[in-house]
Amino acid sequence: MSLKLKWMVTGVSSVLAFTMYLPATNANTISELEKKQQETEQKKSELDSGIQEKSNAISKNQTKLTGIMAKITELDNQITETARQVAGVQEEIDQTKIEIDELKKSIEELEEKIAERTELLKERARAIQMSGGSVDYIDVLLGASSFIDFIDRFSAVNTLIEADRDIMLQQAQDKELLAKQKAEVETKLAEQRDRQAALQVLKNSLDAQKSEQDGLVKELTAEQNRLAHAKSELEDRFEEEIEISVGLEQQIVAEQARLAELARIAEEERKRTLAAEEERQRLAAVEAEKQRQATSEKNAEENRLAADRKAASTLKKSENASASSTPSPAQKPESNYTAPAASTSSPFIRPAAGRHTSGFGGRDIGDGAETHLGYDIANVTSTPILAAAAGYVSYAGIMGGYGNVVILTHSINGQTHATVYAHLNSIGVSVGQSVSQGQQVGGMGNTGRSTGTHLHFEVHVGPWNGARSNAVNPAPYIR
Numbered sequence: 102m103s104l105k106l107k108w109m110v111t112g113v114s115s116v117l118a119f120t121m122y123l124p125a126t127n128a129n130t131i132s133e134l135e136k137k138q139q140e141t142e143q144k145k146s147e148l149d150s151g152i153q154e155k156s157n158a159i160s161k162n163q164t165k166l167t168g169i170m171a172k173i174t175e176l177d178n179q180i181t182e183t184a185r186q187v188a189g190v191q192e193e194i195d196q197t198k199i200e201i202d203e204l205k206k207s208i209e210e211l212e213e214k215i216a217e218r219t220e221l222l223k224e225r226a227r228a229i230q231m232s233g234g235s236v237d238y239i240d241v242l243l244g245a246s247s248f249i250d251f252i253d254r255f256s257a258v259n260t261l262i263e264a265d266r267d268i269m270l271q272q273a274q275d276k277e278l279l280a281k282q283k284a285e286v287e288t289k290l291a292e293q294r295d296r297q298a299a300l301q302v303l304k305n306s307l308d309a310q311k312s313e314q315d316g317l318v319k320e321l322t323a324e325q326n327r328l329a330h331a332k333s334e335l336e337d338r339f340e341e342e343i344e345i346s347v348g349l350e351q352q353i354v355a356e357q358a359r360l361a362e363l364a365r366i367a368e369e370e371r372k373r374t375l376a377a378e379e380e381r382q383r384l385a386a387v388e389a390e391k392q393r394q395a396t397s398e399k400n401a402e403e404n405r406l407a408a409d410r411k412a413a414s415t416l417k418k419s420e421n422a423s424a425s426s427t428p429s430p431a432q433k434p435e436s437n438y439t440a441p442a443a444s445t446s447s448p449f450i451r452p453a454a455g456r457h458t459s460g461f462g463g464r465d466i467g468d469g470a471e472t473h474l475g476y477d478i479a480n481v482t483s484t485p486i487l488a489a490a491a492g493y494v495s496y497a498g499i500m501g502g503y504g505n506v507v508i509l510t511h512s513i514n515g516q517t518h519a520t521v522y523a524h525l526n527s528i529g530v531s532v533g534q535s536v537s538q539g540q541q542v543g544g545m546g547n548t549g550r551s552t553g554t555h556l557h558f559e560v561h562v563g564p565w566n567g568a569r570s571n572a573v574n575p576a577p578y579i580r
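Residue 580, in our numbering, is where the sequence shown stops; the numbers in between run on with no holes.
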């Protein structure tokens, strides 16, 4: 192994050891924060479901309460109408009683007349009985002493007969009228009392229904109050969970920023180590060149001296020779050193193989216009997803519409970046882990809010802050 390669291996090993050691003490911290955040999101989801359930129950109870209140209003109207009818019947009864009172006076008068006539008839009957039979009006007429007396007797007899007949006829009529009036009054009074009783039964039934509805109103009102109180408590707990979630997100962002700072420090250390290695390599190359030049000069001097000795020997042997050979200068050996080529690679690589399906900016996938903050690459399920650059895993897990997602934090030329790899069907790294460029972090999938198997890739200038306000178009970074 060459000296240059040894220096490079030693330097890279030092950098990797340094970068892998630093975040190890923090993996548990950010994992616990992410776990707490997931638990908080679960609690928020449960509380939101509870709040929605209570709202639905309150709405349903309110519908029932509205229906019952309408029923109570209808019952009130019926009760009022029934009470009015009862009052009307009572007025009729009162009027009938007045009529009865007036009729009683008429009846009393009729009864007095009937009684008088009855007494008179009794007297006439006693007189007839005392006379030994019926009155013989023929004897009365034949006993007349003259025609005038006969006329007088006839007139008197006729008057008596007419009087008896009138009395009997009037007596019968008065009795019939009395019976008829009594029957009419009693019938009318009975009918009115029956109507009054029926209306009173109806009113009692309506009062009972209203009382029952009032009871339901009290129960539903109490239930509404209970549900409203329970909903208020859930809303308070929901607000508390939101505050906890915000606090955890801030802690996660702070931890990501700290990891980014570690990445920056590690990157600076790597650059310093590589620079030191390059300097050592340069010095070694200079030293090697000096040694090569010294060896070359030494060899050239030895060759020159050998040529001189050979020439002298030849001159001594051939003193008469007209010319002598001239030694040719030694050729300078070719150097085997090659300077290292400058790196021209991009700071990011394409994170997955496949076809580009959606770019950065506005789009509509069926739910209305939205801003797409990433670069979509589609391929078959489990296509390897690679780290676009070296860095640390700041998040690995489920996150809402992202589904299974990995977030990496990088330090590129002193600037913190974050990359997002979403909709994965598998995750191959854990929070706090150091990853190298091109290392597989997961497999392509269709989890979360996704319409097909693909990778949703985002680039953020600065640490990922949850709001994604620092997202940029990834296309220029990976093309």
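Using N, Cα and C, we set each Cβ at its ideal position, and we do this for glycine too. Since the structure is predicted, the reported quantities are computational estimates derived from the model, not experimental observations.
Cβ-based burial, V521 [other Cβ within 10 Å; buried from 16]: buried
Inter-residue CB distance, I180 and D315 (contact presumed, cutoff 8 Å): No, I180 and D315 are not in contact; Cβ-Cβ is about 12 Å, not under 8 Å.
Given this structure, state the Cα-to-Cα distance separating K107 from E403, to the nearest angstrom. Residue placement at K107 cannot be trusted, given a pLDDT of 45 that sits under 50; what the coordinates show is reported in the next sentence. Each residue's alpha carbon lies about 35 Å from the other.
Cβ of E140 within 7 Å of any heavy atom in the ligand MN? As far as ligands go, the structure on display features none, and thus does not contain the ligand MN.
Could you tell me which of T183, Q357, K206 sits nearest to Q301, measuring between CA atoms? T183
In angstroms, rounded to a whole number, what distance separates the CA positions of G549 and E342? 23 Å
Would you kindly work out how many angstroms separate the C-alpha atoms of I169 and K155, rounded to a whole number? Between I169 and K155, the C-alpha separation is close to 21 Å.
What number of angstroms, rounded off, separates the C-alpha of R185 from the C-alpha of A299? 14 Å
Since A489 contacts F449 with CB under 8 Å, what's their CB separation in whole angstroms? 4 Å
N- and C-terminal bounds of the alpha helix (DSSP H) containing P577: The continuous alpha helix (DSSP H) containing P577 extends over residues 576-579.
When you compare each of L290, V318, A479 to V190 by their alpha carbons, which one comes out closest? L290
From G492, G529, Q534, L278, pick the residue whose C-alpha is nearest to that of H518; which is it? Nearest of G492, G529, Q534, L278 to H518, Cα basis: G492.
By the 10 Å Cβ neighbour count, where 16 or more other Cβ atoms means buried, how is G463 classified, buried or exposed? exposed
Going by Cα to Cα distance, which pick from G563, A479, L474 is closest to P452? Nearest to P452 by alpha-carbon distance, out of G563, A479, L474, is A479.
How far does the beta strand (DSSP E) with A497 in it extend, from its first residue to its last? Per DSSP, A497 is one residue of the beta strand (DSSP E) stretching across 492-499.
How long is the line joining the alpha carbons of Y510 and M500, rounded to whole angstroms? One detail in the question is off: residue 510 reads as Thr in this sequence, not Tyr. T510 and M500: Cα-Cα distance of roughly 17 Å.
V532, buried or exposed, once every other Cβ within 10 Å from all chains shown has been counted against 16: V532 is classed as buried because its beta carbon has at least 16 other beta carbons within 10 Å across all chains shown.
Cα separation between V354 and Q139? The straight-line gap from Cα to Cα measures roughly 15 Å.
Hey, out of E263, I159, E287, whose CA is closest to E200's CA? E287
So, under 8 Å CB-CB, G544 and T484 are touching, yes? Tell me the CB distance rounded to an integer number of Å. 7 Å
Pick helix, strand or coil for I450, following the three-state DSSP scheme. coil
Could you work out which residue in Y496, E324, E220 is closest to L360 when comparing CA atoms only? Y496
Are the beta-carbon atoms belonging to G539 and N526 less than 8 Å from one another? no
For T141 versus S346, is the C-beta spacing smaller than 8 Å? yes
Alpha carbon to alpha carbon, what distance is there between A264 and K276? Each residue's Cα considered, the two are about 18 Å apart.
Taking the Cβ atom as the reference point for each residue, do V506 and V530 lie within a distance shorter than 8 Å? no
If you check the beta carbons only, do E135 and G563 fall under 8 Å apart? no
Which term fits V481, buried or exposed, when burial requires 16 or more other beta carbons within 10 angstroms of its beta carbon? exposed
Would you say L176 and Q274 are within 8 Å of each other, going by their C-beta atoms? Cβ distance not < 8 Å, so L176 and Q274 don't count as in contact.
List the endpoints of the continuous beta strand (DSSP E) containing N505. Here the beta strand (DSSP E) through N505 covers 505-513.
For H557, the nearest candidate out of K161, I249, G502 (CA to CA): Taking only the C-alpha atoms, the option nearest H557 is G502.
Do you know how far the Cα of Q153 is from the Cα of S146? 11 Å
Nearest to Q541 by alpha carbon, out of T174, L487, F251, I268? Of all alpha-carbon atoms in T174, L487, F251, I268, the one lying nearest the alpha-carbon of Q541 is that of L487.
Local Cβ density within 10 Å of E559, reported as buried at 16 or more and exposed below that: buried
What residue range does the beta strand (DSSP E) around S527 cover? 516-528
Taking only the alpha-carbon atoms, compute the straight-line gap between E133 and Q352 and give it to the nearest angstrom. 11 Å
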